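Enquirer: Residue numbers (the working numbering), protein chains in the order written: chain A, 1 to 226; chain B, 227 to 452. Cβ atoms here follow ideal geometry from the backbone N, Cα and C, with glycine treated the same way. The structure presented is a predicted model; accordingly, all values stated were derived computationally and were not measured. Take a look at this one; I'll ask things after.
Protein chains: 2
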Amino acid sequence: MEFKTTEIKERVLADNNEAAARTRERMRQSGTLLVNLMGSPGAGKTSVLLKLIERLGTQYRIGVMEADVDSDVDARTIAATGTRVIQIHTGGLCHMDADMVSRALASFGVEDLDLIFLENIGNLVCPAEFEIGADVRMMILSVPEGDDKPLKYPLMFSVSDVMLVNKIDTAPIFDFDFDAAVVRARSLNAQIVCVPVSAKSGRGFDEVVQFLRMRLDERRQMHENN
Amino acid sequence: MEFKTTEIKERVLADNNEAAARTRERMRQSGTLLVNLMGSPGAGKTSVLLKLIERLGTQYRIGVMEADVDSDVDARTIAATGTRVIQIHTGGLCHMDADMVSRALASFGVEDLDLIFLENIGNLVCPAEFEIGADVRMMILSVPEGDDKPLKYPLMFSVSDVMLVNKIDTAPIFDFDFDAAVVRARSLNAQIVCVPVSAKSGRGFDEVVQFLRMRLDERRQMHENN
């Protein structure tokens, strides 16, 4: 038995795309790379961020925007590393939209930063629908969530440039098949870069860091040529 | 640095509460218990459901409403047990609202059922905001998500009657402190029933089954007295 329900939201998304375009332009002008980090609650977004800050923080000027429904747990964790951080409270809302990001960026200041991470709300559904003007959409699928997730939350995998499969050391415990997850993700998005990582041990981060460095260099070069 | 953003949604929620009240009344009249099962992607909602069907299915007439953004993976899993199931596609929407549930129930039929589970969209944020008229709100927190989740997604813990802590056998691997999770959940909701479970091994299900039996008997008695 099947039952469908849909919602007209073209208007909301059109407004959103305009704000996203403004953010994209602002990033280009200041030579800053914006990464939208997404994933389920507990997938390991903050831990991955800490590892990336550790690996990239000496060479690049990094800022972090921490979106949370209500708390500031993650912002405090990031701030403890000495990284500039802004806490964004969505007031119960389940995702960041482009307008919120654009306003937060204005109050954060971007001119003196090379790389900004937005840690989005822990949610595998809504953040995928709202393009915020990021240069890189990086999603985390954690092993305990299961390798079938691309089948169930297809949009997130479709819109992401990178899929980090985190907690990869626990794959045997959860009968997680990395190759099967990749095949499922690629059937939605042939270009998606898939990297097995462990934010605990650091495994896989060479590849993630290399990917980001490449994008950062491109951005810097584009900025210098302007 | 902090930056707040809020959304006026009183109107939407008022409409929603009316529809929820209608569902609650329909359930009472048919002597059926409605359970809203919520949790993050991969927390184990479908596996918990399978265990509950196995334990309660011989004594009670069970129906399952499977809410999914797009797929029908879980509905097929449940249907394989011979349980009556309806697939609800939210068309990208991140939660079920009371009106969708009410319309789905009408097409599903409830009169000949004792117990209906709604498996909500995998999401720890939005489903908590939309009361759908359930008699029991049962949420699953899975161990790999971390014991800090009540701090970060407080509303879900505040509105739930039961918190199942699933994949409890992996607690040592993830340094998960069950007691700490319970203290955090209870600081938001003193009444919340907390049960450590493993949908894989069946651990903890005696207690969950006992809790549901009690609520089912109350509902049946209330129905017979009418």
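Starting from Cys126 of chain A, follow the alpha helix (DSSP H) in both directions and report where the run begins and ends.
Expert: Here the alpha helix (DSSP H) through Cys126 of chain A covers 126-129.
Enquirer: Any Cβ of chain B within less than 9 angstroms of the Cβ of Lys4 of chain A?
Expert: At Lys4 of chain A, the pLDDT of 46 sits below 50, so the modelled position is not reliable; the number obtained from the coordinates is stated separately. Yes - at least one Cβ of chain B is within 9 angstroms of the one on Lys4 of chain A.
Enquirer: By the 9 angstroms beta-carbon criterion, what residues does the region 359-372 of chain B contribute toward chain A?
Expert: Against chain A - using a Cβ distance shorter than 9 angstroms - the residues of the region 359-372 of chain B are Leu367, Ser368, Val369, Pro370, Glu371, Gly372.
Enquirer: Alpha carbon to alpha carbon, what distance is there between Val64 of chain A and Phe117 of chain A?
Expert: Using only the alpha carbons, I get a separation of about 5 angstroms.
Enquirer: Taking only three categories from DSSP, how would you classify Asn243 of chain B?
Expert: Correct three-state label for Asn243 of chain B: helix.
Enquirer: Taking CB distances under 9 angstroms as the criterion, tell me whether Leu350 of chain B reaches chain A.
Expert: Chain A contact via Cβ: present.
Enquirer: Using a cut-off of 8 angstroms between C-beta atoms, extract the partners of Ser71 of chain A located in chain B.
Expert: Leu377, Lys378, Pro380, listed in chain order.
Enquirer: Along chain C, in chain order, which residues have C-beta atoms closer than 9 angstroms to that of Thr32 of chain A?
Expert: The structure shown contains no chain C; its protein chains are A and B.
Enquirer: Lys393 of chain B touches chain A at which residues, Cβ-Cβ below 9 angstroms?
Expert: Within 9 angstroms Cβ-Cβ: Pro144, Phe174.
Enquirer: Using a 10 Å radius around the Cβ and a threshold of 16 neighbouring Cβ atoms, would you call Gly308 of chain B buried or exposed?
Expert: Result: exposed.
Enquirer: According to DSSP, simplified to helix, strand and coil, what is Glu345 of chain B?
Expert: Three-state DSSP puts Glu345 of chain B in a strand.
Enquirer: In whole angstroms, give me the CA-to-CA distance for Arg84 of chain A and Leu115 of chain A.
Expert: Each residue's Cα considered, the two are about 11 angstroms apart.
Enquirer: At a Cβ cut of 7 angstroms, what residues of the region 39-66 of chain A count as close to chain B, listed as they run along the chain?
Expert: Cβ contacts with chain B come from Ser40, Pro41, Gly42.
Enquirer: Confirm, please, whether the CB-CB distance from Leu212 of chain A to Leu93 of chain A is below 9 angstroms.
Expert: Not closer than 9 angstroms, so no.
Enquirer: What are the partner residues of Asn392 of chain B, as DSSP defines its beta bridges?
Expert: Partner(s): B:Ser368.
Enquirer: Ordered along the chain, which non-local residues of its own chain (more than five positions away) have a Cβ less than 6 angstroms from that of Leu13 of chain A?
Expert: Excluding positions up to five away in sequence, the list is empty.
Enquirer: Listing by chain order, which chain A residues have their CB less than 9 angstroms from the CB of Glu355 of chain B?
Expert: Within 9 angstroms Cβ-Cβ: Gly92, Cys94.
Enquirer: Which residues in chain B have a C-beta closer than 7 angstroms to the C-beta of Ile121 of chain A? List them in chain order.
Expert: Result: Val351.
Enquirer: By a C-beta neighbour count over all protein chains shown, 10 Å radius and 16 as the cutoff for buried, is Gln221 of chain A buried or exposed?
Expert: Exposed, since its Cβ has fewer than 16 Cβ neighbours within 10 Å.
Enquirer: Along chain B, in chain order, which residues have C-beta atoms closer than 8 angstroms to that of Thr81 of chain A?
Expert: None at all; the shortest Cβ gap to chain B is about 15 angstroms.
Enquirer: Who are the neighbours of Thr396 of chain B on chain A, taking C-beta pairs under 9 angstroms?
Expert: Here the neighbours are Pro144, Thr170, Ile173, Phe174.
Enquirer: At a Cβ threshold of 9 angstroms, is Asp374 of chain B touching chain A?
Expert: For Asp374 of chain B, the answer is yes, since a Cβ of chain A falls inside 9 angstroms of its Cβ.
Enquirer: According to DSSP, simplified to helix, strand and coil, what is Val85 of chain A?
Expert: Strand at Val85 of chain A.
Enquirer: With Gly67 of chain A and Glu119 of chain A assumed to form a contact (beta carbons below 8 angstroms), what rounded beta-carbon distance in angstroms separates them?
Expert: The amino acid occupying residue 67 of chain A in the given sequence is Ala; Gly does not appear at that position. Confirmed, Cβ separation roughly 6 angstroms.
Enquirer: Count the CB pairs spanning the region 272-286 of chain B and the region 36-55 of chain A that are closer than 8 angstroms, and state whether there are at least three.
Expert: They do not touch, by the three-pair rule.
Enquirer: Please state whether the Cβ-Cβ distance between Ala411 of chain B and Cys420 of chain B is less than 9 angstroms.
Expert: In this structure, Cys420 of chain B lies closer than 9 angstroms to Ala411 of chain B by Cβ.
Enquirer: Measuring straight from C-alpha to C-alpha, what distance separates Glu371 of chain B and Gly268 of chain B?
Expert: One C-alpha to the other measures close to 10 angstroms.
Enquirer: Run through chain B and tell me which residues come within less than 9 angstroms of Asp177 of chain A, C-beta to C-beta.
Expert: Those within 9 angstroms of Asp177 of chain A in chain B number zero; the least Cβ separation is about 14 angstroms.
Enquirer: What would DSSP say about Phe211 of chain A, mapped onto helix, strand or coil?
Expert: Looking at Phe211 of chain A - three-state DSSP - the assignment turns out to be helix.
Enquirer: So, does the CB of Asp74 of chain A fall closer than 9 angstroms to a CB anywhere in chain B?
Expert: Chain B, which has a Cβ nearer than 9 angstroms to the Cβ of Asp74 of chain A, makes this yes.
Enquirer: Output needed for Gly122 of chain A: all residues of its chain with C-beta closer than 8 angstroms, excluding positions within five of it in sequence on either side, in chain order.
Expert: So the qualifying residues of the chain are Gly39, Ser40, Pro41, Gly42, Ala43, Lys45.
Enquirer: Report the neighbours of Asp112 of chain A on chain B: residues whose CB is nearer than 9 angstroms to its CB, in chain order.
Expert: Neighbours of Asp112 of chain A on chain B: none; closest Cβ ~15 angstroms, over 9 angstroms.
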